[in-house]
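Here the sequence shown is numbered in this note's numbering, starting from 2 and rising by one per residue. For each residue, glycine too, the CB sits at the ideal point set by N, CA and C. Owing to the predicted nature of the structure, the values given are computational and were not obtained by experimental measurement.
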Amino acid sequence: MITRGRSGGVFLAALFVMVVGFGYLLAVQFEPTVNKAYVVPVQNVELVEIMKGLENENNTAAQQIVDLRGQLAELESKGAATSDEVRVLTQQLGELRGKAGLAEATGPGVVVTLSDSSRTPTLSDDPNYFVIHDGYLRSIVNLMRRYGATAIAVNDQRVLGNSPIVCAGPIILVNSSRMSPPYVITALGNPEMLADSISQDVFFRVLQMYSDQFEITCSLEKKTSVTVPASLDNAAFKYAVSAK
2 MITRGRSGGV FLAALFVMVV GFGYLLAVQF EPTVNKAYVV PVQNVELVEI MKGLENENNT
62 AAQQIVDLRG QLAELESKGA ATSDEVRVLT QQLGELRGKA GLAEATGPGV VVTLSDSSRT
122 PTLSDDPNYF VIHDGYLRSI VNLMRRYGAT AIAVNDQRVL GNSPIVCAGP IILVNSSRMS
182 PPYVITALGN PEMLADSISQ DVFFRVLQMY SDQFEITCSL EKKTSVTVPA SLDNAAFKYA
242 VSAK
């Protein structure tokens, strides 16, 4: 009898220890982590400040480029008045600048506008369908090139053959410049041909379906006159040398 009583006590004590231990494990496993999830690492704050500083430097450099190009144009204009030969060379230089994207271009064309949805997705929705991705911009730019656009810009950035359009977390970078919606993609070219060809393309039709279903903005307009800014990014010519 005594042995049975001791065995029962040991069993109860072991059971109590197991219950306490299991409860502790549950408490640790389901410990709230909401506050920890929203703590912004110090490194991220520093990176944001560095990015803001670089953007300010980039804006300053861009303005200097605009000012210097204005001074150069003035000097070329004065030089062109000295002789017919200089005048012809100045005209050819201007045409080459236009083809290289280093000069502003104006003429008829189209404008495609894309923007994130104003509707908040529900828990059952895929949020990726409610925002504009960098791939959408690249695809529209490629469509414009395919159908005859001679100059293209996204917002205030001229898009050249090697212009990067990439995603950097929640933002899109074009020529390393931060973009925010709405994304206005301007193309210089035949408005009728561009509008008809783009509107009939499968990709653009998919975007219009997304517009109806997820309420993103996707519009296409023909314009009698659009202006595409000059490129301020000369990286394409950084390592270029004259042909021999």
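| query | result |
| --- | --- |
| Ignoring anything shorter than 4 residues or poking outside the region 93 to 164, list the alpha helix (DSSP H) runs there in chain order. | 135 to 147 |
| Would you call SER232 buried or exposed, if buried means 16 or more other Cβ atoms sit within 10 Å of its Cβ? | buried |
| Rounding to the nearest angstrom, what Cα-Cα distance links THR225 and MET145 in this structure? | 17 Å |
| Could you tell me the distance, in whole angstroms, from the CA atom of GLU216 to the CA atom of LEU161? | 30 Å |
| Whose CA, out of LEU221, SER116 and THR121, lies closest to the CA of THR187? | LEU221 |
| The beta strand (DSSP E) that contains ALA231, what's its start and end? | Unbroken run through ALA231: none, as it is neither H nor E. |
| TYR184: which of VAL207, GLY108 and ASP117 sits nearest, CA to CA? | ASP117 |
| For a test of the three-state rule: what should DSSP assign to GLU216, helix, strand or coil? | coil |
| Put SER181 into one of helix, strand or coil per three-state DSSP. | coil |
| For the region 130 to 143 against the region 168 to 176, are there 3 or more C-beta pairs whose distance is under 8 Å? | yes |
| Buried or exposed for ARG147, please, with buried defined as at least 16 other CB atoms from any protein chain shown within 10 angstroms of its CB. | exposed |
| Which residues bound the alpha helix (DSSP H) around PRO192? | 192 to 201 |
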